[in-house]
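Trainee:
Set out below in structure tokens:
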């Protein structure tokens, strides 16, 4: 015999998200409820490789690099000379971050 289903889960979706779910369910010939249940029960979660604290540190580091890149881009658009050392420094920072992500 099948197990009695007693628990209900409610979620909130934007109109766009709901339309996407409805379309996906329709394509598979399922009701929205059956589609959601299949997605929830058959999905495999992947544990992040980095702890949350390391992720936040990398996000801050990326934000700093993005700021540096924006400054270099602004200089290039103003037709000013760009210091090759600044570009090399930014490249080294990006490479170091890639190495951290590869761990």
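In my numbering, the protein residues as written are 1007 to 1109.
From the three backbone atoms N, C-alpha and C, an ideal C-beta is built for every residue, glycine too.
(1) Quick test of your reading: residue 1041 and residue 1030, contact by CB under 8 Å. State the CB separation rounded to the nearest angstrom.
(2) How about residue 1036 and residue 1027: do their beta carbons lie closer than 8 Å?
(3) Looking only at its chain, what residues have a beta carbon closer than 7 Å to the beta carbon of residue 1034, apart from the 5 residues adjacent to it on each side?
(4) Consult DSSP for residue 1023 and reduce its assignment to one of helix, strand or coil.
(5) Rounded to a whole number of angstroms, what is the C-alpha to C-alpha distance between residue 1067 and residue 1009?
(6) Of the residues 1032, 1021, 1043, which one's Cα is nearest the Cα of residue 1015?
(7) Report yes if the C-beta distance between residue 1071 and residue 1100 is below 8 Å; otherwise report no.
(8) Excluding the five sequence neighbours on either side, which residues of its own chain have a C-beta within less than 6 Å of the C-beta of residue 1074, listed in chain order?
Mentor: Checking against the coordinates, here is how it stands:
(1) 6 Å
(2) no
(3) 1041
(4) helix
(5) 50 Å
(6) 1043
(7) yes
(8) 1096
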